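Encoded as structure tokens, the structure appears first; notes follow it.
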Amino acid sequence: MNETKTPATPQNEEPWEPNPALRLERGFERIWKTRMMGLPMLHPRVRVQAVGFRRWKYFWLGVIVTPWCMNLILSKGQPSKWKSVAEGRRLNYPFPAGLYDFICVRDRILGEYQMCSLMSPLDEVVADHEMAVEIAKYSLDELMKPAGEPELGTPIPAFEKETDPEAIVSAAIERPISRRAFLSPRKKEEEES
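Quick note: the numbering used here has the sequence shown finishing at residue 195, numbered continuously throughout.
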């Protein structure tokens with residue numbers, strides 16, 4: 003089990019809720035053994051693990067790995083900063099990598115938390131539990147990297163030819179076009195080539 007110690011809270015700061023990693027692991031393990039038992043989407047070589055839970059702004063942030071999904075989790079850190087909203091409601095959070103949507107979840111076993119799906123199901127991409135944990139760690143690291151920071155050696159995108167808008171309208175009027183071709187014009191152009 004992945005248990006992270008809670009750092010001491012300075013005198014002038016609001017007390018934090020305990021790190022939810024162990025509670026979430028136990029809760030998701032119980033769900034795995036009850037609600038999820040026998041379902042076909044379960045990955046046979048992945049188990050439940052809370053990965054990398056840390057303080058982020060006023061919340062606890064980490065990833066929960068399960069045999070059926072991998073989710074970013076936001077949990078209550080400083081109680082006065084937590085927005086308790088209706089289950090299923092989406093909230094946006096600005097991370098260094100960009101804006102991410104989290105869905106509010108209220109579960110009788112897990113309590114209230116917010117989640118952002120990283121992967122579900124796992125079997126198409128993940129070979130085993132160790133790989134799932136590495137993906138979870140990598141995802142947390144990438145979330146904290148500023149957006150727009152290109153990697154070294156990133157290829158420069160090819161320039162597209164400029165298209166005259168009047169020529170597009172004239173061509174559309176001259177020949178009928180199917181709905182499918184209208185919704186995916188590049189595919190139609192490629193088929194004609």
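Glycine residues also receive a C-beta, built at the ideal position from the N, C-alpha and C atoms.
All values reported here derive from a predicted model rather than from experimental measurement.
Original post:
To the nearest angstrom, how far is it from the Cα of L37 to the Cα of R47?
Top reply: It should be pointed out that residue 37 corresponds to Arg in this sequence rather than to Leu. Rounded to the nearest angstrom, the gap between the Cα atoms of R37 and R47 is 18 Å.
Original post:
So, using beta-carbon positions, are K85 and L93 closer together than 8 Å?
Top reply: When the beta-carbon positions are compared, K85 and L93 come within less than 8 Å of each other.
Subject >> K78 in three-state terms, based on DSSP >> reply: Reduced to three states, the DSSP call for K78 is strand.
Original post:
My guess is that V67 and A134 are in contact by the Cβ rule of under 8 Å, so how many angstroms apart are they, rounded?
Top reply: V67 to A134, Cβ: 5 Å. Contact.
Original post:
Among Y102, E114 and G64, which residue has its Cα nearest to the Cα of P81?
Top reply: Closest by alpha carbon: E114.
**OP:** Tell me whether A88 is buried or exposed, calling it buried when 16 or more other Cβ atoms sit within 10 Å of its Cβ.
**Re:** Looking at its Cβ environment, which holds fewer than 16 other Cβ atoms inside 10 Å, A88 is exposed.
Subject >> Where the beta strand (DSSP E) containing E114 begins and where it ends >> reply: Element bounds for E114: G113 to M121.
**OP:** For the stretch 30 to 68, list the beta strand (DSSP E) runs that are entirely contained and at least 3 residues long, ordered along the chain.
**Re:** Qualifying beta strand (DSSP E) stretches, in chain order: 51 to 58 and 61 to 67.
Original post:
Taking the alpha-carbon positions, what's the N21 to L101 distance?
Top reply: Approximately 24 Å between the Cα atoms of the pair.
Original post:
What's the C-alpha gap between I33 and G155?
Top reply: Taking the CA atoms as reference points, I33 sits about 44 Å from G155.
Subject >> Proximity below 8 Å, CB of W62 to CB of P123 >> reply: Result no, Cβ atoms of W62 and P123 do not sit closer than 8 Å.
Original post:
How many angstroms separate the CA atom of R28 from the CA atom of S77?
Top reply: In this structure, the alpha-carbon of R28 lies about 15 Å from that of S77.
Subject >> Beta-carbon proximity of G79 to G64, cut-off 8 Å >> reply: No; because the gap between Cβ atoms is not below 8 Å, this pair is not in contact.
Subject >> Three-state secondary structure assigned by DSSP to M197 >> reply: Missing from the structure shown is residue 197; the chain here goes from 3 to 195 and no further.
**OP:** Give me the Cα-Cα distance between R57 and G40, rounded to the nearest whole angstrom.
**Re:** About 35 Å.
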